[in-house]
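Notes for the one structure printed next.
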Amino acid sequence: MAKKSKGEIHAELYYECCARFVEQARRGEYDEAIDTALESLEFVPVVATYLGKTAGEVPRFESIDFILKYSPLFLHQRSLDILSDFLKSKRSVARKLPHDALGELELACCQILDAHRAWNYLVTRESVSESELCQALGEPRDQWTWVTSNWEQLGLLLRDSESQPNRLRLIGSFSQRVRGKCPFCGAMGTGGLYKLLAEIKCPRCQRPSRYVIVSLQA
Ligand SMILES: [Zn+2]
Numbered sequence: 073m074a075k076k077s078k079g080e081i082h083a084e085l086y087y088e089c090c091a092r093f094v095e096q097a098r099r100g101e102y103d104e105a106i107d108t109a110l111e112s113l114e115f116v117p118v119v120a121t122y123l124g125k126t127a128g129e130v131p132r133f134e135s136i137d138f139i140l141k142y143s144p145l146f147l148h149q150r151s152l153d154i155l156s157d158f159l160k161s162k163r164s165v166a167r168k169l170p171h172d173a174l175g176e177l178e179l180a181c182c183q184i185l186d187a188h189r190a191w192n193y194l195v196t197r198e199s200v201s202e203s204e205l206c207q208a209l210g211e212p213r214d215q216w217t218w219v220t221s222n223w224e225q226l227g228l229l230l231r232d233s234e235s236q237p238n239r240l241r242l243i244g245s246f247s248q249r250v251r252g253k254c255p256f257c258g259a260m261g262t263g264g265l266y267k268l269l270a271e272i273k274c275p276r277c278q279r280p281s282r283y284v285i286v287s288l289q290a
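Note that the working numbering has the sequence shown beginning at 73, numbered continuously upward.
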């Protein structure tokens with residue numbers, strides 16, 4: 073069997089990281105998933121050269137897209153800094169990419185500031201309507217709806233659709249301990265908000281599930 077080239081080996085390691093962060097994100101372990109996506113950066117330079125030669129073009133790197141999207145939403149400044157160091161120290165790699173990664177990083181750095189402002193506003197209030205949020209934080213409105221709709225999808229924000237206009241409220245701080253309930257067997261448990269929002273194996277019925285948050289007090 074022919075010996076694998078450095079390009080092939082790095083490509084395998086890179087795709088292995090991708091499979092891992094996709095799975096971690098599916099389980100709701102975003103902290104870990106962002107770290108894995110950062111780990112994959114070390115393989116990007118060789119893979120970019122390898123794909124450029126063998127496939128004729130360099131694709132977007134899934135892990136860079138993942139860091140750009142999720143770091144702002146989880147207020148992970150450190151990962152944006154690491155990506156910035158990477159892109160700036162590897163200019164020849166950045167130039168090979170089919171998109172303006174440095175431009176998109178700049179946008180992500182604005183988004184994390186927006187996310188911080190939205191978080192600070194929401195965390196000190198019981199609930200807020202979208203127009204209130206927009207009025208308090210300023211135009212354009214899109215930047216707030218981007219943050220709030222993504223937080224809603226991630227289970228960090230609740231939209232009370234009974235009230236008109238809809239009111240938004242955070243379901244807690246990132247590290248807060250909360251009480252949750254297994255959706256299958258009803259077992260109650262307490263834990264960090266992050267941990268309960270992630271997929272866990274219920275200690276009573278052993279089924280993998282995401283606990284339903286029943287109270288923000290543990
Ligand atoms: Zn259970």
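Cβ coordinates follow ideal geometry from the N, Cα and C atoms, glycine included.
Quick caveat: nothing in here was measured; it's all calculated off a predicted structure.
Note to self: Within a Cβ cutoff of 6 Å, which residues of the same chain sit near residue 183, ignoring the five residues on either side of it in sequence?
What the structure shows: Around residue 183: 144.
Next item on the list: Would you kindly work out how many angstroms separate the C-alpha atoms of residue 141 and residue 180, rounded to a whole number?
Entry: When the Cα atoms are used, residue 141 and residue 180 turn out to be separated by approximately 7 Å.
Check: What are the residues that DSSP puts in a beta bridge with residue 118?
Finding: Beta bridge pairing from DSSP links residue 118 with no other residue.
Note to self: Taking CB distances under 8 Å as the criterion, tell me whether residue 232 reaches chain C.
What the structure shows: In the structure shown, chain C cannot be found, because there is only a single protein chain.
Notebook entry, point to check: Rounded C-beta distance between residue 194 and residue 163? I'm assuming under 8 Å.
Noted result: Residue 163 and residue 194 do not touch by the CB rule: their CB atoms are close to 38 Å apart, not below 8 Å.
Notebook entry, point to check: Whole-angstrom Cβ separation of residue 282 and residue 100, contact assumed at under 8 Å?
Noted result: Going by Cβ atoms, the distance from residue 282 to residue 100 rounds to 6 Å, so yes, they are a contact pair.
Checklist line | Nearest neighbour of residue 172, chosen from 252, 190, 248 and 136 [CA to CA] | finding: Comparing alpha-carbon positions, the option among 252, 190, 248 and 136 lying closest to residue 172 turns out to be 136.
Check: DSSP state of residue 231, grouped into three classes?
Finding: Strand, per DSSP.
Notebook entry, point to check: At which residue ranges does the region 75-155 contain complete beta strand (DSSP E) runs of 3 or more residues, listed in the order of the chain?
Noted result: Listed in chain order, nothing qualifies, since the region 75-155 has no complete beta strand (DSSP E) run of 3 or more residues.
Next item on the list: Return the chain-ordered list of same chain residues with a C-beta closer than 6 Å to the C-beta of residue 202, the five sequence neighbours on each side being excluded.
Entry: Excluding the 5 residues flanking it on each side, residue 202 has no same chain C-beta neighbour closer than 6 Å.
Checklist line | alpha helix (DSSP H) segments (min. 4 residues) lying fully within the region 204-230 | finding: Runs of the alpha helix (DSSP H) spanning 4 or more residues and lying entirely within the region 204-230 occur at 214-226, in chain order.
Item checked: Alpha-carbon spacing of residue 190 relative to residue 218, whole angstroms -> Inter-residue distance for residue 190 and residue 218 is about 11 Å (C-alpha atoms, whole angstroms).
Margin query: Considering just the uninterrupted stretch of the alpha helix (DSSP H) at residue 167, what are its terminal residues?
Written below: Residue 167: member of the alpha helix (DSSP H) spanning 163-168, first to last residue.
Notebook entry, point to check: Is residue 274 near ligand 1, going by C-beta to nearest heavy atom under 7 Å?
Noted result: Remark: the shortest separation between the CB of residue 274 and any heavy atom of ligand 1 falls under 7 Å.
Next item on the list: Could you pull the start and end residues of the alpha helix (DSSP H) that residue 175 belongs to?
Entry: Per DSSP, residue 175 belongs to the alpha helix (DSSP H) from 173-195.
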